[in-house]
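S.K.:
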Amino acid sequence: MKIAIVGAGIVGVTTAYELASDGHEVTVFEQRSAAAEEASFATAGLLAPHLLSPWAAPGFGHALRLIGPHATLRLSGGLSRANWAWLSRWRSATHASSAPAAALERLAQYSQSRLQTLVHRHELDFEASEGRLVLLRTEQERDLLQPALQVLRDSGVALREVTANVARQIEPGLSPEAPLAGAIHLPDARAGNCRLFAQLLRQGTQGSGVRFAFNTRIDRIGANPAGVVVQGEPDLRRFDAVVLCAGTASAALLPALGLRLPMAAVYGYSVSAPLRESTHAPQASVVDAAQQISITRLGQRVRIAGGAELAGADAEHHTATLQRLYRTLNDWFPGGAQLSSGVQVWRGARPLLPDGAPVVGASGVPGLWLNTGHGAGGWALACGTARAVADLIAQRAPEVPLDGLGMRRF
Ligand SMILES: Cc1cc2nc3c(=O)[nH]c(=O)nc-3n(C[C@H](O)[C@H](O)[C@H](O)COP(=O)(O)OP(=O)(O)OC[C@H]3O[C@@H](n4cnc5c(N)ncnc54)[C@H](O)[C@@H]3O)c2cc1C
1484 MKIAIVGAGI
1494 VGVTTAYELA
1504 SDGHEVTVFE
1514 QRSAAAEEAS
1524 FATAGLLAPH
1534 LLSPWAAPGF
1544 GHALRLIGPH
1554 ATLRLSGGLS
1564 RANWAWLSRW
1574 RSATHASSAP
1584 AAALERLAQY
1594 SQSRLQTLVH
1604 RHELDFEASE
1614 GRLVLLRTEQ
1624 ERDLLQPALQ
1634 VLRDSGVALR
1644 EVTANVARQI
1654 EPGLSPEAPL
1664 AGAIHLPDAR
1674 AGNCRLFAQL
1684 LRQGTQGSGV
1694 RFAFNTRIDR
1704 IGANPAGVVV
1714 QGEPDLRRFD
1724 AVVLCAGTAS
1734 AALLPALGLR
1744 LPMAAVYGYS
1754 VSAPLRESTH
1764 APQASVVDAA
1774 QQISITRLGQ
1784 RVRIAGGAEL
1794 AGADAEHHTA
1804 TLQRLYRTLN
1814 DWFPGGAQLS
1824 SGVQVWRGAR
1834 PLLPDGAPVV
1844 GASGVPGLWL
1854 NTGHGAGGWA
1864 LACGTARAVA
1874 DLIAQRAPEV
1884 PLDGLGMRRF
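Each residue of the sequence shown is one higher than the last, beginning at 1484 in this note's numbering.
1) So within the stretch 1535–1581, which uninterrupted beta strand (DSSP E) runs reach at least 3 residues, ignoring any that extend past its ends?
2) In this structure, how does DSSP classify residue 1808 when only helix, strand and coil are distinguished?
3) So, under 8 Å CB-CB, residue 1733 and residue 1744 are touching, yes? Tell me the CB distance rounded to an integer number of Å.
4) Tell me where the beta strand (DSSP E) around residue 1511 begins and ends.
5) Only counting the same chain, and skipping five residues up and downstream in sequence, which positions put a Cβ closer than 6 Å to that of residue 1513?
6) Assuming the contact rule is C-beta atoms closer than 8 Å, residue 1751 and residue 1789 should be a hit. Round their C-beta distance to whole Å, please.
7) Could you tell me the distance, in whole angstroms, from the CA atom of residue 1599 to the CA atom of residue 1825?
8) When burial is assigned at 16 or more other CB atoms within 10 Å of the CB, is residue 1595 buried or exposed?
9) Helix, strand or coil for residue 1741 per DSSP?
10) Would you check whether ligand 1 has a heavy atom nearer than 6 Å to the C-beta of residue 1523?
11) Would you grab the beta carbon distance between residue 1886 and residue 1576 for me? Rounded to a whole angstrom, and I think it's under 8 Å.
12) Count the other CB atoms within 10 Å of the CB of residue 1521; is the residue buried (16 or more) or exposed (fewer)?
13) Just reading off the beta strand (DSSP E) that residue 1670 is part of, what are its end residues?
14) If you draw a straight line from the C-alpha of residue 1845 to the C-alpha of residue 1873, how long is it?
15) Which first and last residues belong to the beta strand (DSSP E) in which residue 1831 is found?
16) Is any non-hydrogen atom of ligand 1 found closer than 6 Å to the C-beta of residue 1493, if you look at the structure I gave you?
17) So, with DSSP's three-state summary, where would you put residue 1858?
18) Over what stretch of residues does the alpha helix (DSSP H) that includes residue 1497 continue unbroken?
19) Do the stretch 1661–1675 and the stretch 1692–1709 touch if we need at least three Cβ pairs shorter than 8 Å?
20) Does any C-beta atom of chain B lie closer than 7 Å to the C-beta of residue 1838?
21) Under three-state DSSP, which class holds residue 1883?
22) Can you give me the C-alpha to C-alpha distance between residue 1656 and residue 1695, rounded to a whole angstrom?
23) What does the alpha-carbon distance come out to for the pair residue 1731 and residue 1769?
24) Check whether the stretch 1756–1771 and the stretch 1648–1668 are in contact - that is, three or more C-beta pairs closer than 8 Å.
25) Have a look at 1603, 1489, 1828 and 1586 and flag the residue whose alpha-carbon is nearest the alpha-carbon of residue 1884.
26) Residue 1664 and residue 1621 look like a contact to me (Cβ under 8 Å); what is the Cβ gap, rounded to whole Å?
27) Measuring alpha carbon to alpha carbon, tell me which residue in 1892, 1799, 1775 and 1677 is nearest residue 1624.
28) Are the beta-carbon atoms belonging to residue 1518 and residue 1494 less than 7 Å from one another?
29) In this structure, how does DSSP classify residue 1680 when only helix, strand and coil are distinguished?
30) From 1729, 1890, 1812 and 1736, pick the residue whose C-alpha is nearest to that of residue 1443; which is it?
31) What does residue 1751 pair with, by DSSP beta-bridge criteria?
32) For the beta strand (DSSP E) containing residue 1641, name the first residue and the last one.
33) Around the C-beta of residue 1615, are 16 or more other C-beta atoms found within 10 angstroms, so that it is buried, or is it exposed?
34) Grab the span of the alpha helix (DSSP H) containing residue 1733 for me, first residue to last.
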């Protein structure tokens, strides 16, 4: 088939790879000049397990607090009606047991195994590390994590609750002065550089039937016949199928087709800094459960990521949030990173649906497939959802169940 993909973030690139592997002729339309320039640019780097990652799903990890110095979601400027509606749905999903947590975790595990297959096949070196600690400052934090731990245990994820001493043996760079009540150790957790992986995989698609059209914005998706309208062109370019992988921009392309996705752009930050002293830095990844901040070793750099705000795309960087990232790094790994020069500060948006899960599969409009809304887990889920969408297009049952992850739930 001749297939168009809208968007060359991590989701679009992995989808292009899988569709080309199935023998399709694929064109990826990307408005930016390279792959992974938007949400996939400087993620925290966390792969599976997913549920203990910040903002993975409503009701897991932390309470939703909107005001005060300990707000977990910052509301900036005037909130649109759509964002208010999103917030109220996220809040209700926090109390309901309907959030598709188990499905999400299953998908993350599947995605990890698919990623490993690609890594071995193409010998991709993407600054990967193995193992994660979820750091607990108090016993109360351990209690808050129990629902997520239960889902992980039920899903067969290896984990153990360890004392502060054991945690310090696993990550010897952890400050002896930091208040540490204990930690959750996830020995099989992975992390790595999402943007680097996307770029390497993109190179891996060369000669396999994928064409990347950069600096090419899609204004409209057509149905009956299926196709896309490129900005500045009068006519529809026809394809047998279109896969929408446009991240936070996906929702805006759907109303013209009579479809609506309740997606919010929840912004966060990452700071990447060169290693200063390797033994004082994390060897793999850690998550500060209370702060919902992660610190990840990526090759010769350390990346600190966190923060959540509902604000405009061009809002100023929020100084207090960035200071919190620096403070958290300093609490746990003082002296691990060099913060005086060569630091990259990034603000990006999580394309978040109100139950935390992506929408994967047929859209209901003939010829249009959806692979979007990966929220806080686009990197952790992309390889899995890409393979699943390719299977659905080939009219094969995906290897991972997608119950509860379709458009119908909205
Ligand atoms: C601070 C932070 C930390 C994060 N950490 C993690 C993590 O540790 N692990 C994890 O799994 N996830 C993490 N995420 C989430 C992750 O970044 C996203 O889920 C993921 O990048 C989404 O990928 P995507 O391909 O859907 O979107 P994007 O990467 O945004 O790609 C969409 C692409 O579509 C293009 N596009 C949009 N509209 C059009 C159009 N009309 N025409 C042509 N092109 C178009 C855009 O330019 C863009 O390149 C984090 C996010 C943030 C903000």
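C-beta atoms are modelled at their ideal positions from N, C-alpha and C, and glycine is treated no differently.
M.R.: By the coordinates alone:
1) If only complete runs of 3 or more residues are kept, the stretch 1535–1581 shows no beta strand (DSSP E) anywhere.
2) helix
3) 6 Å
4) 1508–1512
5) Leaving aside the five residues that flank residue 1513 on each side, the residues in its chain whose CB is nearer than 6 Å to its CB run, in chain order, 1491 and 1697.
6) 6 Å
7) Residue 1599 and residue 1825: Cα-Cα distance of roughly 31 Å.
8) buried
9) coil
10) yes
11) Residue 1886 to residue 1576, Cβ: 17 Å. No contact.
12) buried
13) 1665–1674
14) 11 Å
15) 1827–1835
16) yes
17) Note: residue 1858 maps to helix in three-state DSSP.
18) 1493–1504
19) no
20) Protein chains in the displayed structure number just one, and chain B is not present.
21) In the structure shown, residue 1883 adopts coil according to DSSP, grouped into three states.
22) 42 Å
23) 27 Å
24) yes
25) 1586
26) 5 Å
27) 1775
28) no
29) helix
30) Past the edges of the chain, shown from 1484 to 1893, lies residue 1443, and the structure says nothing about it.
31) 1831, per the DSSP bridge assignment.
32) Neither: residue 1641 is in no beta strand (DSSP E) and is coded neither H nor E.
33) buried
34) Segment 1733–1736, the alpha helix (DSSP H) holding residue 1733.
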